[in-house]
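See below for the structure under consideration.
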Amino acid sequence: MPDVADSSSLDSVIVGQIMGPHGRDGGLNVRLLSDLAGRFDPGSLLLIDQRSYSISSSRQTGPDNALLWLEGISTRSQAAPLAGKYLTASPDSNAELEEGEYFHYQLIGMSVRTEEGEELGEIREILETGSNDVYIVRGSGGELLIPAVSHVVLEVNVAANSMLVRLPDGLR
Numbered sequence: 001m002p003d004v005a006d007s008s009s010l011d012s013v014i015v016g017q018i019m020g021p022h023g024r025d026g027g028l029n030v031r032l033l034s035d036l037a038g039r040f041d042p043g044s045l046l047l048i049d050q051r052s053y054s055i056s057s058s059r060q061t062g063p064d065n066a067l068l069w070l071e072g073i074s075t076r077s078q079a080a081p082l083a084g085k086y087l088t089a090s091p092d093s094n095a096e097l098e099e100g101e102y103f104h105y106q107l108i109g110m111s112v113r114t115e116e117g118e119e120l121g122e123i124r125e126i127l128e129t130g131s132n133d134v135y136i137v138r139g140s141g142g143e144l145l146i147p148a149v150s151h152v153v154l155e156v157n158v159a160a161n162s163m164l165v166r167l168p169d170g171l172r
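Everything in the sequence shown is counted per this note's numbering, starting at 1 for the first residue and increasing by one.
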């Protein structure tokens, strides 16, 4: 995963990574990094290296994978150099989230401190696991893997870009 805090802003968020070409007609095998409904529907706009592409066709091939065909990319030789690149899109300001839910782009770069006031660092990556997300926090004390569960994450303040946590015994 890239250092999302440096590569995304409120203007664009990373929504997928191109894993490689698919077939001879410019198809792209994509690892999905967004579960926002409709994000990869035909007609949706995505950016690759700040260049805009419209999705002409898409097919989900697994829970985190899809095949995409983008207008302007119609051959394998056009698709192949895109392997490893990230797809970005505008955040959907109309998306409804439940209480206590956040978009990953809202959390990346957020400062994390314990309820005792110890600064742990910033959320640099988010791992999606089967049961809950795990925040990778890097700071002067090294790297911590913090589970995104209610008894550990006590408070998230998007406006202040801060998170308050209670570290369970043995986490360090």
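The C-beta atom is built at its ideal place from N, Cα and C for all residues, glycine as well.
In the DSSP annotation of this structure, Ser58 is not part of any alpha helix (DSSP H); the continuous beta strand (DSSP E) holding it starts and ends at 51-62. Counting along the chain, the unbroken alpha helix (DSSP H) around Ala79 starts and ends at 76-79.
In the structure shown, the three-state DSSP call for Leu82 is helix.
Taking the Cα positions, Ser54 is about 19 Å away from Gly23.
Per DSSP, Leu36 lies in no beta strand (DSSP E) segment and is marked neither H nor E. Inclusion of Val112 and Val152 in the CB contact set at 7 Å is not warranted, their separation being larger than that value. If you draw a 10 Å sphere on the C-beta of Ala160, you find fewer than 16 other C-beta atoms in it, and that means exposed.
For Leu107, the uninterrupted alpha helix (DSSP H) run begins and ends at 104-107, by DSSP. Per DSSP, the unbroken beta strand (DSSP E) holding Ala66 starts and ends at 65-70. In this structure the segment 162-170 touches the segment 110-124; the number of beta carbon pairs closer than 8 Å is three or more.
By the CB criterion at 7 Å, Phe40 and Ser58 fall inside the cutoff. With a cutoff of 7 Å on beta-carbon distance, Ala89 and Leu46 are scored as near each other.
Under the three-state reduction of DSSP, Pro168 is assigned to coil, being neither helix nor strand.
The shortest C-alpha to C-alpha distance from Met19 to any of Ser12, Pro63, Tyr86, Gly62 is the one to Tyr86. Counting other Cβ atoms within 10 Å of its Cβ, Glu122 reaches 16 or more and is therefore classed as buried.
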